[in-house]
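There are 2 protein chains.
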Amino acid sequence: MLREKRILLDHGSGGLATKKLIEGLFLRRIGNPVLSRMEDSAVVDLPPGRLAFTTDSFVIDPIFFPGGDIGSLSVHGTVNDLAMQGASPLFLSLGLILEEGLDMDLLEKVADSISRAAKEAGIVIAAADTKVVGKGQADKIFINTSGIGTLSSVTSLGVEKARPGDKVIVSGFIGDHGACVLLARSGLPFEARIKSDSAPLNHLCKRILAATRPSDVRLMRDPTRGGLATVLNEIADASKTDIEILEESIPVRPEVQGVCELLGLDPLYLANEGKCVVVADQEAAPAVLEAMKQDGLGKDAAIIGEVKAPVDQQGPKVVLRTKIGGERIVPMLTGEPLPRIC
Amino acid sequence: MLREKRILLDHGSGGLATKKLIEGLFLRRIGNPVLSRMEDSAVVDLPPGRLAFTTDSFVIDPIFFPGGDIGSLSVHGTVNDLAMQGASPLFLSLGLILEEGLDMDLLEKVADSISRAAKEAGIVIAAADTKVVGKGQADKIFINTSGIGTLSSVTSLGVEKARPGDKVIVSGFIGDHGACVLLARSGLPFEARIKSDSAPLNHLCKRILAATRPSDVRLMRDPTRGGLATVLNEIADASKTDIEILEESIPVRPEVQGVCELLGLDPLYLANEGKCVVVADQEAAPAVLEAMKQDGLGKDAAIIGEVKAPVDQQGPKVVLRTKIGGERIVPMLTGEPLPRIC
Numbered sequence: 081m082l083r084e085k086r087i088l089l090d091h092g093s094g095g096l097a098t099k100k101l102i103e104g105l106f107l108r109r110i111g112n113p114v115l116s117r118m119e120d121s122a123v124v125d126l127p128p129g130r131l132a133f134t135t136d137s138f139v140i141d142p143i144f145f146p147g148g149d150i151g152s153l154s155v156h157g158t159v160n161d162l163a164m165q166g167a168s169p170l171f172l173s174l175g176l177i178l179e180e181g182l183d184m185d186l187l188e189k190v191a192d193s194i195s196r197a198a199k200e201a202g203i204v205i206a207a208a209d210t211k212v213v214g215k216g217q218a219d220k221i222f223i224n225t226s227g228i229g230t231l232s233s234v235t236s237l238g239v240e241k242a243r244p245g246d247k248v249i250v251s252g253f254i255g256d257h258g259a260c261v262l263l264a265r266s267g268l269p270f271e272a273r274i275k276s277d278s279a280p281l282n283h284l285c286k287r288i289l290a291a292t293r294p295s296d297v298r299l300m301r302d303p304t305r306g307g308l309a310t311v312l313n314e315i316a317d318a319s320k321t322d323i324e325i326l327e328e329s330i331p332v333r334p335e336v337q338g339v340c341e342l343l344g345l346d347p348l349y350l351a352n353e354g355k356c357v358v359v360a361d362q363e364a365a366p367a368v369l370e371a372m373k374q375d376g377l378g379k380d381a382a383i384i385g386e387v388k389a390p391v392d393q394q395g396p397k398v399v400l401r402t403k404i405g406g407e408r409i410v411p412m413l414t415g416e417p418l419p420r421i422c
Numbered sequence: 081m082l083r084e085k086r087i088l089l090d091h092g093s094g095g096l097a098t099k100k101l102i103e104g105l106f107l108r109r110i111g112n113p114v115l116s117r118m119e120d121s122a123v124v125d126l127p128p129g130r131l132a133f134t135t136d137s138f139v140i141d142p143i144f145f146p147g148g149d150i151g152s153l154s155v156h157g158t159v160n161d162l163a164m165q166g167a168s169p170l171f172l173s174l175g176l177i178l179e180e181g182l183d184m185d186l187l188e189k190v191a192d193s194i195s196r197a198a199k200e201a202g203i204v205i206a207a208a209d210t211k212v213v214g215k216g217q218a219d220k221i222f223i224n225t226s227g228i229g230t231l232s233s234v235t236s237l238g239v240e241k242a243r244p245g246d247k248v249i250v251s252g253f254i255g256d257h258g259a260c261v262l263l264a265r266s267g268l269p270f271e272a273r274i275k276s277d278s279a280p281l282n283h284l285c286k287r288i289l290a291a292t293r294p295s296d297v298r299l300m301r302d303p304t305r306g307g308l309a310t311v312l313n314e315i316a317d318a319s320k321t322d323i324e325i326l327e328e329s330i331p332v333r334p335e336v337q338g339v340c341e342l343l344g345l346d347p348l349y350l351a352n353e354g355k356c357v358v359v360a361d362q363e364a365a366p367a368v369l370e371a372m373k374q375d376g377l378g379k380d381a382a383i384i385g386e387v388k389a390p391v392d393q394q395g396p397k398v399v400l401r402t403k404i405g406g407e408r409i410v411p412m413l414t415g416e417p418l419p420r421i422c
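So, in structure tokens, the structure goes:
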């Protein structure tokens, strides 16, 4: 047990106080045989195959929000980046930057949440580091996670692989995370009704790949910062195609739509932390949809559009067919920034 | 080229501004075929063998200091953590947290420095992420790096492997980094005379392992935060041994000693960012020393002490034999913290 109720600069010194923080708070919660060796590097054995490697920092404000917190989010975010590449997540690293004066209770809750999220995703926390900066030099807690996963030799997904005729499938309601965080910040009374969708997608992605032939799934992407619109633009851009999506097919919760109308936002640009977008061969699309629906996290999945040959010379674009029969171009996020959404 | 002279919140939105920052500033400097694919995860091929995996965040203040900056330091720190385990560093991830308003020029310099340091160490930047927080919510720039390296099947170093009779060898002058940073902060006029020792130790470590039989080198450690004293205590603790070091054998630059006297510090507790401590079988110690001296970074290496059987029941301890023939116990760092030293 730790005596201190708050984080002190001393906890980042690398000396005895750091050791006590690690042993008294972290190892009890996130310890495992790899991490607890406390070497400069973890040494791990990997099954044969190619490796996926990714990193992400989390600076979300507020730290706790309906449906999650910075701890679970930092595990889900990196697990999902591995899963989108078709990799099985194996090892996670954890880099914490703490502000002097941070409540020890808060840190304990975040560590518990990291531990639960890692167990649920089946990823082992192999390496960790803690730094402390002075009061006012960071905002409470920032977390970096990096992840390693293995890829089967037949999996070869790529953002440039969408082809005209392919279907675009999304694994469920979009915009929940972004709407939840914005509401939590706004102080509006109906905050609790929208939960973040933060979740680990590795099991869902595994189902999708198991249900299809190797090259039928062209790519998977999680529409986090910048939302669905930004991811679709990245795909169109890299694949040199247009993408047409149907407004009436895109799953948006009525309450998210309501918040968007209230705050003047578009759900297509809101962050998601537990959804994936899959581009698949049109004949394989029903199998992808079915695989998603068999997973709890994909029960509201839908085919939302199609990849098209590019129609004009000004470059690839994403077009939305609206419910009333019009069409509008959906560019990458360029408007008002939504800072610290993840 | 980027139009903006400062980092805006928009650069962290995940949309078009983020894309322009990445393409216009980072990829030109640190881009390579792996990173430039811009997937959610990098996909890399690894030679067969076990894997070392490590993470470290860097929050050093000031960002630029004699002998380096936060960019080179963030590469060296993680390369060295891999090297200490006997691993060959292969892939690095980079997680940046930027404060709104940060000078774009400063960021360009840091990116250039990261690029140079990675090339020198022979490590490929495989994954990267950038977040922006509001003004006053972080102090300019924080960097997390995680690293992957491969280990030969015969290398098995461990902090618990020191045995009585083993020699303790350090690769050069201690305390340079800590003294340099403290001086740079103090505003004292002789700042420029002490340079940080920040450097990649992977080539040095490779020489050491090549010059010895597999089990002769028990462990390697880089004495960063907490300094030599803290690392020796960790070794004594994990190996259940005492360690005796000779003050007259420990390489300390006269100017570092001078700064320590001026500021009331002990060089044994100052951070190093380009030194390693090796514990080796006594018969192999001369070969370790020779291998260090053959490397530019180890030319001032010295055998500084010996591992001993523990003499009392109160647990292992580190003892310093002073120049005047006395002895004192050297505990882990417990005194005044030196915040943001790395």
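Protein chains in written order, with this note's numbering: chain C, 81 to 422; chain G, 81 to 422.
Note that CB positions come from ideal geometry on N, CA and C, so glycine has one too.
Note that the structure is predicted; figures quoted are calculated from it, not measured.
For Asn282/G, there are no C-beta contacts with chain C under 9 Å, since the nearest C-beta of that chain is about 12 Å from it. Looking at the DSSP output, Arg401/G shares a beta bridge with Leu326/G, Glu407/G. Per DSSP, the beta-bridge partners of Pro169/C are Gly229/C. For Gly385/C, the uninterrupted beta strand (DSSP E) segment begins and ends at 382-388.
Taken atom to atom, the span from the alpha-carbon of Gly175/G to that of Ala208/G is near 6 Å.
DSSP lists Ala360/G, Glu386/G as the bridge partner or partners of Lys247/G. Distance from the CA atom of Gln217/G to the CA atom of Gly92/G, rounded to whole angstroms, is 14 Å. Shown here, Phe253/G sits in coil according to DSSP, grouped into three states, outside any helix or strand. Identification of chain G residues near Leu162/C by a Cβ-Cβ cut-off of 7 Å yields Ser121, ordered along the chain. Taking 8 Å as the Cβ-Cβ cut-off, the stretch 218-229 of chain G approaches chain C at Ala218, Asp219, Phe222, Asn224, Ser226, Gly227, Ile228, Gly229, given in chain order. Note that the C-beta distance between Val250/G and Lys379/G is not below 8 Å. For Asp346/C, the nearest beta carbon of chain G is not closer than 8 Å to its own beta carbon. Contacts with chain G at 8 Å (Cβ-Cβ) do not include Pro396/C. With the criterion set as a beta carbon lying under 8 Å from some beta carbon of chain C, the members of the stretch 163-174 of chain G are Met164, Gln165, Ala167, Phe171, Ser173, Leu174, in sequence order.
Rounded to the nearest angstrom, the gap between the Cα atoms of Val297/G and Leu350/C is 54 Å.
For Val311/G, same chain residues with a beta-carbon under 7 Å away, outside a window of 5 residues either side, are Arg301, Pro303, Val357 in chain order. Given a length threshold of 4 residues, each whole run of the alpha helix (DSSP H) inside the stretch 103-136 of chain C is given here in chain order: 107-110. Within chain C, the C-beta atoms nearer than 7 Å to that of Phe133/G come from Ser121, Ala122, Val124, Phe171, Ser173, Ala206, Ala207, Ile228, in chain order.
DSSP places Ile177/C within a strand segment (E or B) once states are collapsed to three. A residue is called buried when at least 16 other Cβ atoms come within 10 angstroms of its Cβ; Gln165/G meets this threshold and is buried. Under the Cβ criterion (8 Å, minimum of three pairs), the stretch 119-131 of chain C does not count as touching the stretch 98-109 of chain C. Met300/C carries a strand assignment under DSSP once its states are collapsed to helix, strand and coil. By the 16-neighbour rule on beta-carbons within 10 angstroms, Lys85/C is exposed.
The beta carbons of Val339/G and Thr292/G sit about 35 Å from each other, so the pair does not count as a contact at 8 Å. Take Leu89/G, set aside five residues on each side of it, and the residues of its chain with a beta-carbon closer than 7 Å to its own are Glu180, Val212, Gly214, in chain order. Taking each of Leu377/C, Ala206/C, Glu324/C in turn and checking the Cα distance to Arg287/C, the smallest one comes out for Leu377/C. A distance below 7 Å between beta-carbons, with the five flanking residues on each side excluded, links Glu314/G to the following residues of its chain, in chain order: Val239. Pairwise C-beta distances place the stretch 251-270 of chain C out of contact with the stretch 226-243 of chain C, as fewer than three of them are shorter than 8 Å. Looking at the DSSP output, Thr210/C bridges to Leu176/C. Leu289/G and Gly104/G have their C-alpha atoms spaced approximately 41 Å apart. Per DSSP, reduced to three states, the secondary structure at Asn352/G is coil, with no helix or strand assignment. Cβ contact annotation for Ala309/G (same chain, cutoff 6 Å, sequence separation greater than five): Leu348, Tyr349, Val410, in chain order. Taken atom to atom, the span from the alpha-carbon of Asp322/G to that of Gly148/G is near 35 Å. Gly94/C and Gly306/G do touch by the CB rule: their CB atoms are close to 4 Å apart, below 8 Å. The bridge partners DSSP lists for Val204/C are Phe171/C. Chain-ordered, the chain G residues with CB closer than 7 Å to the CB of Arg305/C read Ser93, Gly94.
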